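Have a look at the structure below before the remarks.
Number of protein chains: 2
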Amino acid sequence: MKLASYKNASRDGQLVVVNKTLTQCVLVTEIASTMQQALDDWAQTSPKLESVYQQLNASKLTDTLPFDSKKCESPLPRAYQWADGSAYVNHVELVRKARGAEIPESFWNDPLMYQGGSDDFIGPTDDVPLPSDKWGIDFEAEVAIVTDDVPMGTLPENARQHIKLIMLVNDVSLRGLIPGELAKGFGFFQSKPASAFSPVAVTPDELADKWVDNKVHLPLISEYNHELFGCPQAGIDMTFDFSQLVAHAAKSRNLSAGTIIGSGTVSNKQGTEYGTSIAEGGVGYSCIAEVRMIETIRDGEPSTEFMKFGDHIKIEMKDEHGNNIFGSIEQQIVEAELC
Amino acid sequence: MKLASYKNASRDGQLVVVNKTLTQCVLVTEIASTMQQALDDWAQTSPKLESVYQQLNASKLTDTLPFDSKKCESPLPRAYQWADGSAYVNHVELVRKARGAEIPESFWNDPLMYQGGSDDFIGPTDDVPLPSDKWGIDFEAEVAIVTDDVPMGTLPENARQHIKLIMLVNDVSLRGLIPGELAKGFGFFQSKPASAFSPVAVTPDELADKWVDNKVHLPLISEYNHELFGCPQAGIDMTFDFSQLVAHAAKSRNLSAGTIIGSGTVSNKQGTEYGTSIAEGGVGYSCIAEVRMIETIRDGEPSTEFMKFGDHIKIEMKDEHGNNIFGSIEQQIVEAELC
């Protein structure tokens, strides 16, 4: 099943069921007004939503609306938790290598994860307003999942059942602010402004045999300023699968329904040391920082600039027939109007 | 005005207005069912809630209930954002000194702040369930504020107006997990399990002349296993006031209504190098770690143990007449029943 949150006068938007081909949708207020309401009571709401989805796909419903990504909030316009992993260790290795550092051996068996801000996500086709483009603005294309209630201490083998929805995310990062924040030791804060998620969140069964071993086995496509920038396969080189990430997050606390957990920037090694760019005939990257790292390792300094006001990023994933699964994140970086 | 969230069958509890002396309360469903609803529309709801508060204090209401802290959730049982500062730089200096490190000069003019988990707070008198007491369980007594919507880029001088509520917090920390997490560079995650907040949140005007310069000028009292452990003055040695912390959090993003921002562990130097314990005749500390640091500096190793299952912590603040302002956080550490 496919779900989205349509913009309305409220902070949480209006839950809609979207058909498989992303052409039609229908309000489901009688089941749940918002995505969070649906997730709060998922055992009760999901069979009803699934039934609507089947009828919608079978064209048995009246009162449908043409589906329009531009009317979407992020599936959870605000969430109670956004925890982002960094499961593609190649990404981490590359960033460290460029500054001459090795990654600790533990990074291969203990997931990296940070607590992200979740109070004010940006819509999937909304502008990304930022006060300055001197802060090293970067996109990060990732896969994310949404859980129901996960009890403290849940083991990886039991975590899979708590993964209820899958979506894509643009985890906007301010690279210029990261070194200073990490040096302070408290993790990211100002360097991780509001993220945006794909217009549509889908249940794992929608991915059929592309959802295996708690990973999504499809390319994640990033187009930067309307040119292909990366299409790494999200199922490859994902050192920690989503069940491991959920279990990591739940080690010392319960996770409440609607918790979003991200994969980290999708990155493939492709049999090379650090992967190769689209220009080099490879699958490219899911953020600008990685290209800059490759350039630094190769040339001694980066040549690709970070994003400036006016730059555009599109992130999407297609099934093996070329059909857009989640709708597209399509965003432009703009200067924030400060008060 | 004083507000609380009574436990009910829902995840967010039931908003109640509490009288000044914490003896009576009243449901206000006709104004807002939950604390978050009230905060989402604060300009509309707060005058109505204030009116109820005045009538409650004047004993003009029927339908009142005796107020009972044990029936309370944290004022926001789950929140969209919990960002914890570390504004008492003495605390940071002490922790670093014990391991032979100096703090960078920048710590005196750039606030430390981490993004905390906010999806599943513990009630103020509920047990703190954890899987192990081998992880260095510690309490941290702090002051916290709640904002309305804060636009990106808000300056400190404009941030004060966004501080709508004040409360106390027990920011539970797992000291044994912190070094490993900080070494990974992504900040706290597993080392910061669910926090608990005081039964009651109050508007700044309730503190009258004790709310000056965006700081609370009253002692924060911690009783550990029923003995006084600390009573440092929250208005002293707070290097960054709450307006500065709000502005820091809003540098690169909007903060949504209901954002909670913490002061960090309250700590006074008292004219000494690192403060002194209650036993030494000082105002003591607001967490066990600081006492252990003093012991380490003095004796070469710590002698006070971290919390074990069964240990008890009480955190509260009284006005100059000895009246409890926020109700008391009273919690016991217990072993979590893992599934």
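Each protein sequence line maps, in turn, to chains U and H. With this note's numbering, letter number 274 in the first sequence gets 274, and the count goes up by one each step, no holes. With this note's numbering, letter number 229 in the second sequence gets 568, and the count goes up by one each step, no holes. Backbone N, C-alpha and C define an ideal beta-carbon position, used for all residues, glycine too. Owing to the predicted nature of the structure, the values given are computational and were not obtained by experimental measurement.
Out of the options, which one is the CA nearest neighbour of residue i?
i, options, result
"Q376(H)", "S398(H), C411(H) and A418(H)", "A418(H)"
"S286(U)", "K215(U), L338(U) and L228(U)", "L228(U)"
"P131(U)", "E30(U), N323(U), P77(U) and K308(U)", "K308(U)"
"V212(U)", "I315(U), I221(U) and I236(U)", "I236(U)"
"V334(U)", "I313(U), F326(U), M317(U) and G322(U)", "I313(U)"
"M452(H)", "E644(H), T615(H) and Q583(H)", "Q583(H)"
"S106(U)", "H501(H), L677(H), K523(H) and M577(H)", "K523(H)"
"Q572(H)", "K409(H), G614(H) and G519(H)", "G614(H)"
"L22(U)", "L338(U), C339(U), A336(U) and G327(U)", "G327(U)"
"L88(U)", "P77(U), D68(U), K164(U) and K215(U)", "The amino acid occupying residue 88(U) in the given sequence is Tyr; Leu does not appear at that position. The shortest Cα separation from Y88(U) among P77(U), D68(U), K164(U) and K215(U) belongs to K215(U)."
"P450(H)", "V365(H), D477(H), P495(H) and A397(H)", "P495(H)"
"I31(U)", "S252(U), T45(U) and L218(U)", "T45(U)"
"F139(U)", "V95(U), K318(U) and F306(U)", "F306(U)"
"V508(H)", "N607(H), I560(H) and K387(H)", "I560(H)"
"A141(U)", "G262(U), G281(U), T304(U) and G282(U)", "G262(U)"
"D650(H)", "T635(H), M506(H), P443(H) and V511(H)", "V511(H)"
"L433(H)", "A547(H), E545(H), V630(H) and G639(H)", "V630(H)"
"Q394(H)", "K359(H), F406(H), D407(H) and S457(H)", "K359(H)"
"K549(H)", "A618(H), I664(H) and Q529(H)", "I664(H)"
"I166(U)", "S252(U), F189(U), Q190(U) and S74(U)", "S74(U)"
Should residue i go down as buried or exposed, given a rule of 16 or more other Cβ atoms within 10 Å for buried?
i, result
"T34(U)", "buried"
"D423(H)", "buried"
"E320(U)", "exposed"
"A194(U)", "buried"
"A596(H)", "buried"
"T401(H)", "exposed"
"H226(U)", "exposed"
"L516(H)", "buried"
"T329(H)", "One cannot answer for residue 329(H) here, as it falls past the ends of chain H, which runs 340 to 678."
"W108(U)", "exposed"
"N323(U)", "exposed"
"L49(U)", "buried"
"G123(U)", "buried"
Starting from residue i, trace the beta strand (DSSP E) in both directions and tell me its first and last residue.
i, result
"E273(U)", "First-last for E273(U): undefined, no H or E at that position."
"S341(U)", "Since the first residue shown for chain U is 1 and the last is 339, residue 341(U) is missing from the structure and cannot be characterised."
"L27(U)", "Q24 to L27"
"W421(H)", "W421 to G424"
"M340(H)", "Premise fails: M340(H) is in no beta strand (DSSP E) and is neither H nor E."
"M506(H)", "I502 to N509"
"H312(U)", "H312 to E316"
"V395(H)", "Residue identity differs from the one stated: residue 395(H) is Leu in this sequence, not Val. That residue, L395(H), is in no beta strand (DSSP E); its alpha helix (DSSP H) goes W381 to N396."
"P468(H)", "V467 to L469"
"I325(U)", "Here I325(U) belongs to no beta strand (DSSP E), and DSSP marks it neither H nor E."
"A194(U)", "Careful: A194(U) lies outside any beta strand (DSSP E) and carries neither H nor E."
Going straight from the alpha carbon of residue i to that of residue j, what length do you get?
i, j, result
"L182(U)", "G455(H)", "16 Å"
"A437(H)", "K134(U)", "38 Å"
"C72(U)", "R350(H)", "26 Å"
"A4(U)", "Q270(U)", "34 Å"
"D149(U)", "G569(H)", "36 Å"
"A586(H)", "G13(U)", "28 Å"
"P416(H)", "M1(U)", "30 Å"
"N429(H)", "L338(U)", "34 Å"
"E655(H)", "H556(H)", "14 Å"
"V28(U)", "L15(U)", "7 Å"
"P468(H)", "A675(H)", "4 Å"
"Y563(H)", "G603(H)", "18 Å"
"A589(H)", "V431(H)", "23 Å"
"M152(U)", "G620(H)", "40 Å"
"N8(U)", "W381(H)", "19 Å"
"T643(H)", "I633(H)", "10 Å"
"T635(H)", "S616(H)", "14 Å"
"P641(H)", "G623(H)", "16 Å"
"F240(U)", "G187(U)", "20 Å"
"R96(U)", "N158(U)", "33 Å"
On the premise that residue j lies in contact with residue i, defined as a C-beta separation below 8 Å, what is that separation, rounded to the nearest angstrom?
i, j, result
"Q670(H)", "A483(H)", "That belief does not hold up - the Cβ atoms of Q670(H) and A483(H) are roughly 16 Å apart, past 8 Å."
"Q81(U)", "I260(U)", "7 Å"
"A628(H)", "R514(H)", "6 Å"
"N254(U)", "D459(H)", "5 Å"
"V200(U)", "L39(U)", "Actually they are not in contact, since the Cβ atoms of V200(U) and L39(U) sit about 15 Å apart, beyond 8 Å."
"P543(H)", "I502(H)", "6 Å"
Tell me where the alpha helix (DSSP H) around residue i begins and ends.
i, result
"G519(H)", "I517 to K523"
"F581(H)", "F581 to A588"
"V291(U)", "I288 to D299"
"A371(H)", "Counting along the chain, A371(H) falls outside any alpha helix (DSSP H), and DSSP gives it neither H nor E."
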